[in-house]
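Below is one structure; the comments refer to it alone.
There are 4 protein chains.
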Amino acid sequence: MESIKKKIYYHDTDAGGVVYYSNYLKFFEEGRTEYFEKKGIFTEELLKQKIAFVVAKAEIEYKKPLRYKEKFEILTEIERLGNASIVFLHKVMKDETLCCQAKITVVCVNDEMSPVKIPDNIRKILWR
Amino acid sequence: MESIKKKIYYHDTDAGGVVYYSNYLKFFEEGRTEYFEKKGIFTEELLKQKIAFVVAKAEIEYKKPLRYKEKFEILTEIERLGNASIVFLHKVMKDETLCCQAKITVVCVNDEMSPVKIPDNIRKILWR
Amino acid sequence: MESIKKKIYYHDTDAGGVVYYSNYLKFFEEGRTEYFEKKGIFTEELLKQKIAFVVAKAEIEYKKPLRYKEKFEILTEIERLGNASIVFLHKVMKDETLCCQAKITVVCVNDEMSPVKIPDNIRKILWR
Amino acid sequence: MESIKKKIYYHDTDAGGVVYYSNYLKFFEEGRTEYFEKKGIFTEELLKQKIAFVVAKAEIEYKKPLRYKEKFEILTEIERLGNASIVFLHKVMKDETLCCQAKITVVCVNDEMSPVKIPDNIRKILWR
């Protein structure tokens, strides 16, 4: 489980007074990046091996809106590790309140954007 | 079915050379807004009646990435009309290619953010 | 003078109820792109010649905030054509009201990001 | 002088491989907010006094592009304190390299968006 602590600024919000619904996906990107980095996986090094993880699917539930200046936490963990894909589970929490939850499926692709098996060294690290 | 024609600019893209994955949700917002307006429903007038449609759920499938300068179309239709909710089906098409597809559930809420029945006059218009 | 007509959506706004101040720079990017394209200059073709125009300076005056659903126009023209740079003048108008104005200096650079003289064929087209 | 340390994610970048030029203004917003908060000034409390600081002018110089995964610092200080306005000086630094610099003028306005004198208690705090 990887945790990032952040705060809402004006640029995250919309005229409804709450965080704009697409901006949670930016938080989830940050969550996945930090999850990988903590395990020692760097997306820029994967690119040198001509491998990348691209988002194929996102299922997002909006529970409770976040507002300007509120502090929150992005929780990221792996729910399922497939042959060529990973399903991440992301949660945006304000204290004990679940604000937004998402399952995001990333697929391991080669430089022609075709799905390939996740390399064994990466898989081993992710299982740990 | 509502259609909007647009073009990708730099501000839509990321360093991967393609449209950043959260930006499709901005396109879908535009799609829903234009769908409503074509039917004569204006979100700012609903607010005067203390009613709003808020996104509760989004299921997005990323099929084929859009790139800088590409022209595309946002197709929006209603898939399901519930008592208090609407499920929109959005498609982002580049010519005949489906780039991204989403089911987005919006819920009709009052000014305390509690779900309420969609007013009959709105429902009638949406059935047409 | 190049003109683009647009409408404000939620994704353009912030919790202050108005367009977020950085989003005008997205409108100006669209203005410059369409200005170039109308003259037959395509940034992706310049890249093949290993030339690009990059923003070096922006001076923006915020006059009157734009709000949700408002329709506006982005006006773009060239104020000054230098050896290696172009100064664009952008205006965001709501009917007769000037909402935002900017002078944006772009510099012609090679593939090592060093400033180079604007190619003569491009300069001729821009003078027209 | 207020300093914030951050890292570039995909959502900050564009297809040119660098941070999109409008996103620096988001960094500057964060800089100003943290500058104010460190001094004990909270924009949401100013709003209760029907006072707000709105951006009237921005002069930005883009020196060196930031790229994906790069770590950087946002430095914020006050350059000039006027009767009704504050000029902030923001710098985005990557180690010792100045990437972007901006002078951003915010004006103190009342709830009718008319400029008003900065309240004395706020002015005293800012002079410290």
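Chains as they are written, first to last, in my numbering: chain X, 1 to 128; chain R, 129 to 256; chain V, 257 to 384; chain U, 385 to 512.
A virtual CB, placed ideally from N, CA and C, is assigned to each residue, including glycine.
Quick check on the DSSP output: the beta strand (DSSP E) that includes residue i runs from which residue to which?
i        : result
Tyr190/R : 180 to 190
Thr427/U : Careful: Thr427/U lies outside any beta strand (DSSP E), inside the alpha helix (DSSP H) at 427 to 432.
Met221/R : 213 to 222
Glu73/X  : 71 to 81
Lys359/V : 353 to 365
Ile112/X : Checking the sequence, you will find Glu at residue 112/X rather than Ile. First-last for Glu112/X: undefined, no H or E at that position.
Ile132/R : 130 to 135
Run the CB neighbour count on residue i, radius 10 Å, all protein chains shown included, and call it buried at 16 or more, exposed below.
i        : result
Arg160/R : buried
Asn279/V : buried
Phe42/X  : exposed
Taking C-beta to C-beta, are residue i and residue j nearer than 8 Å?
i        : j        : result
Lys320/V : Val343/V : no
Lys410/U : Tyr318/V : no
Ile253/R : Lys167/R : yes
Ile330/V : Lys263/V : no
Ala271/V : Tyr10/X  : yes
Leu66/X  : Val107/X : no
Arg251/R : Leu209/R : yes
Thr269/V : Tyr276/V : yes
Glu187/R : Glu79/X  : no
Going straight from the alpha carbon of residue i to that of residue j, what length do you get?
i        : j        : result
Asp479/U : Glu386/U : 16 Å
Thr489/U : Thr460/U : 13 Å
Cys99/X  : Leu217/R : 24 Å
Tyr196/R : Glu286/V : 12 Å
Lys219/R : Lys432/U : 43 Å
Lys327/V : Tyr163/R : 17 Å
Asp111/X : Asp120/X : 18 Å
Val55/X  : Phe28/X  : 11 Å
Gln229/R : Val116/X : 23 Å
Glu45/X  : Glu37/X  : 11 Å
Asn211/R : Asn83/X  : 41 Å
Val365/V : Thr481/U : 20 Å
Met93/X  : Met241/R : 19 Å
Ser85/X  : Ser469/U : 53 Å
Lys306/V : Lys434/U : 52 Å
Ile132/R : Ile260/V : 16 Å
Whose Cβ in chain U lies nearer than 7 Å to the Cβ of residue i?
i       : result
Thr33/X : Tyr393
Please list, in chain order, the chain R residues whose beta carbon lies closer than 8 Å to that of residue i.
i       : result
Leu25/X : Tyr149, Ser150, Leu153
Taking Cβ-Cβ distances shorter than 7 Å, what residues in chain X pair up with residue i?
i        : result
Lys453/U : Glu44
Taking C-beta pairs closer than 9 Å, name the residues in chain R that residue i reaches, listed in chain order.
i        : result
Glu285/V : Tyr137, Tyr138, His139
Lys57/X  : Glu187, Ile188, Glu189, Tyr190
Would you mind reading off the limits of the alpha helix (DSSP H) that contains residue i?
i        : result
Glu29/X  : 23 to 38
Arg379/V : 376 to 383
Name the chain X residues whose beta carbon is nearer than 8 Å to that of residue i?
i        : result
Asp270/V : Tyr10, His11, Thr13, Asp14, Ala15
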